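Numbered per this note's numbering, the sequence shown spans residues 9 to 210.
By construction, the Cβ of each residue, glycine as well, lies at the ideal position given by its N, Cα and C atoms.
If you're wondering where the values come from, they're calculated on a predicted model, not measured in any experiment.
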Amino acid sequence: MPAECAIDDCGVLAIGRCRECGRAFCMSHQAHNEVTGEGHAALCLPCLGRRRRPRPTDDTQADRDRRWLSSGQAALDLYAAGVAPLPIVEHRSRFVPSRLGRRREEIHEVEVGALWVVGKFAWTEMQEIPETRGWTTGLLAHPAGGYPVQMIARAVARCRVSEGVATLVRDAAYGDSWTQLERAEIPKIVAAVKELISGNRG
């Protein structure tokens, strides 16, 4: 009989067992890497939380900055400073019948969110030979699932900006490569967001 998730009496089909507490966990209770967003094969969410629980002596400025971004406080501070986010648009198409019996494509721009452009930062495309390059990066006003986020990579996104609107750059839906933010860029993103806030107040 397949194991069931033992975290909070969840009962969903388990995908792994935690090496720290020995309990089975499902996808919802699987711990994820803060930067890449990938799931840990043998670590549950409660044990990750215990690992990250701040101790009074080791709460560094970097930890506080990460919490500021991941909690959503950075987005609230940008709103409070009067910094307006750019709208994120997606192009959606559909085929409609025309008078001559043929079908024609209609393309619509749909606003799907908002972000603040914070600068160009290094992202690495994970493929056979990893390639790192700078991408225009934005802090999302409303990430999928809302704030707080489990990892900084869910609060920021690669984007292109044209005529006052942003479009997100997504990984290809096919293939085995994906793109991840470089960990060393997180303090630079924090500094860029703080500069946006202070620049608007000044």
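Of the choices R25, A39, E133 and P195, whose alpha-carbon is the least far from that of R58?
Taking the sequence shown and counting its residues from 1, one reaches residue 58 at position 50. Closest option to R58, Cα to Cα, is A39.
In chain order, what residues of the same chain have a beta carbon less than 7 Å from the beta carbon of E117, not counting five sequence neighbours either side?
Taking the first residue of the sequence shown as position 1, residue 117 is located at position 109. Beyond the five residues adjoining it in sequence on each side, E117 comes within less than 7 Å, by CB distance, of V97 and H99 in the same chain, given in chain order.
Taking all protein chains shown into account, decide if E193 is buried (16 or more other Cβ within 10 angstroms of its Cβ) or exposed.
For the purposes of this step, residue 193 is identified with residue 185 of the sequence shown, where counting begins at 1. So E193 ends up on the buried side.
Are the beta-carbon atoms of A161 and Q135 separated by less than 8 Å?
If you number the sequence shown from 1, residue 161 lands on position 153. If you number the sequence shown from 1, residue 135 lands on position 127. Cβ atoms of A161 and Q135: not closer than 8 Å.
Leaving out the 5 sequence neighbours to the left and right, which residues in its chain are closer than 8 Å to V126 when beta-carbon positions are compared?
Taking the sequence shown and counting its residues from 1, one reaches residue 126 at position 118. For V126, where only same-chain residues beyond five positions count, the Cβ hits under 8 Å are T145, G146, L147, V164, I197, A200, V201 and L204.
Where A110 sits in the DSSP three-state scheme:
Counting from 1 along the sequence shown, the entry for residue 110 is found at position 102. Note on residue identity: the sequence assigns Arg, not Ala, to residue 110. Under the three-state reduction of DSSP output, R110 falls in the coil class, being neither helix nor strand.
DSSP three-state call for S79: helix, strand or coil?
As a first step, residue 79 must be located in the sequence shown, where it is residue number 71. In the structure shown, the three-state DSSP call for S79 is coil.
According to the Cβ coordinates, are G172 and L94 closer than 8 Å?
Reading the sequence shown from its first residue, position 164 is the one you call residue 172. Reading the sequence shown from its first residue, position 86 is the one you call residue 94. One thing to note: G172 has its Cβ within 8 Å of the Cβ of L94.
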